[in-house]
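Asker:
Numbering (mature numbering (1 follows the signal peptide of the UniProt record, and there is no 0)), first residue to last: -22 to -1, 1 to 309.
1. In whole angstroms, give me the CA-to-CA distance for residue 55 and residue 264.
2. Quick test of the definition: if touching needs 3 or more C-beta pairs under 8 Å, does the segment 70 to 77 touch the segment 161 to 175?
3. Roughly how many angstroms lie between the CA atoms of residue 52 and residue 58, to the nearest whole one?
4. Under DSSP, the beta strand (DSSP E) around residue 206 begins and ends at which residues?
5. DSSP puts residue 37 in a beta bridge; with which residues?
6. Mind listing, in chain order, the continuous alpha helix (DSSP H) runs of no fewer than 4 residues lying wholly within the segment 223 to 289?
7. Assign residue 51 to one of three DSSP states: helix, strand, or coil.
8. Only counting the same chain, and skipping five residues up and downstream in sequence, which positions put a Cβ closer than 6 Å to that of residue -1?
9. Just the C-alpha distance for residue 9 and residue 202, rounded to the nearest angstrom, thanks.
10. What residue range is occupied by the uninterrupted alpha helix (DSSP H) comprising residue 83?
11. Can at least three beta-carbon pairs, one atom from the segment 223 to 234 and one from the segment 111 to 126, be found at a separation below 8 Å?
12. Just to confirm, are residue 213 and residue 122 a CB contact at a threshold of 8 Å?
13. Grab me the residues of residue 78's own chain with a C-beta within less than 6 Å of its C-beta, minus the 5 sequence neighbours each way, in chain order.
14. DSSP on residue 68, reduced to helix/strand/coil?
15. Taking the alpha helix (DSSP H) that residue 141 belongs to, which residues open and close that run?
16. Quick check on the burial criterion: 16 or more other C-beta atoms within 10 angstroms. Buried or exposed for residue 310?
17. For the alpha helix (DSSP H) containing residue 149, name the first residue and the last one.
18. Start and end of the alpha helix (DSSP H) containing residue 303?
19. Ordered along the chain, which non-local residues of its own chain (more than five positions away) have a Cβ less than 8 Å from that of residue 291?
20. What does a CB cutoff of less than 6 Å around residue 105 pick up in its chain, not counting 5 residues either side in sequence?
21. Quick one: any contact between the segment 85 to 102 and the segment 171 to 191, if contact means 3 or more CB pairs under 8 Å?
22. Per DSSP, residue 165 is paired with what?
23. For the segment 142 to 159 and the segment 209 to 228, state whether three or more C-beta atom pairs, one from each stretch, are separated by less than 8 Å.
24. Is it right to say residue 313 is buried, meaning 16 or more other beta carbons lie within 10 angstroms of its own, or is it exposed?
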């Protein structure tokens, strides 16, 4: 009888501790890069994530950053428990997820959707952790297109000698620009648009969501254009200090990002509709095939040089071949 009573009391104590733990969510500081600050679309979306996170036992304090470099550095310094930054910047924390944004690897948003479905699966959790950091979610930021201040710059040959803005933290961009005979001009996310709008550079790569926010129509006027051929699918990634987030919570966050994917795509489509159709520059199919080969060679080169992750490149290739088995690389 006494023994049974002890067992019951022990079970009650365990249950009470569990309930107390569930009642007290862990508090974490989440730093969010959004050019528009607290009122921006990224912060708005993250407030929905913040609400959902309470159900996982996470009380998140969102802090807006308009400077992505500082958001990344504060993650390293422990000021932020997690930071939402671009996949390009996130490559330093996880090369596997950082290779999502590799050139030409995901031709369309449909390819990106398949990839994000794979990455949200619990079986994909292992490569989402690298060193001290773990990817807590990935969302699309739209395709990157080439913006030119002269619509005659509609081929690689015509880009030779032109000044092209490249992100200073991403060595791959400078390498590729130099290979086509253009001049890379070191820039960052906060000033590359200003350089284009003021004529300091002739060419930039940017997602369509930047058209209105960064007033890129100023740099396009009067004779510029947007080359109607996406270079890559960009991503934003929530990267956290893995010691600060239980694995179950990290997985729930990744699944949340995927489950809200359609909402993100709808927002991206609305932003794209703001682009005046007069800016689009069509290029011949033969040129597109040439670019596809060039980008395939560039991915192989950048993998060999240690910039891109081979496992992610192989996964992306499988997705390309699944959606289009007739591609030359798939036969």
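C-beta atoms are modelled at their ideal positions from N, C-alpha and C, and glycine is treated no differently.
Answerer: Straight from the coordinates:
1. 49 Å
2. no
3. 6 Å
4. 203 to 219
5. 5
6. 225 to 237, 239 to 250 and 263 to 282
7. Helix at residue 51.
8. In this prediction, residue -1 has a pLDDT of 48, which is less than 50 and means its spatial position is unreliable; what the coordinates show is noted afterwards. For residue -1, where only same-chain residues beyond five positions count, there are no Cβ hits under 6 Å.
9. 36 Å
10. Per DSSP, residue 83 belongs to no alpha helix (DSSP H) and is neither H nor E.
11. yes
12. no
13. 65 and 213
14. Helix at residue 68.
15. Here residue 141 belongs to no alpha helix (DSSP H); instead the beta strand (DSSP E) covers 141 to 145.
16. Summary: the structure shown does not reach residue 310, with the chain confined to residues -22 through 309, and so no result is reported for it.
17. Looking at the DSSP string, the run of the alpha helix (DSSP H) that includes residue 149 is 149 to 157.
18. In the DSSP assignment, residue 303 falls outside any alpha helix (DSSP H), carrying neither H nor E.
19. 77, 80, 83, 277 and 281
20. 74
21. no
22. 145.
23. no
24. Residue 313 is absent from the model: the chain starts at -22 and stops at 309.
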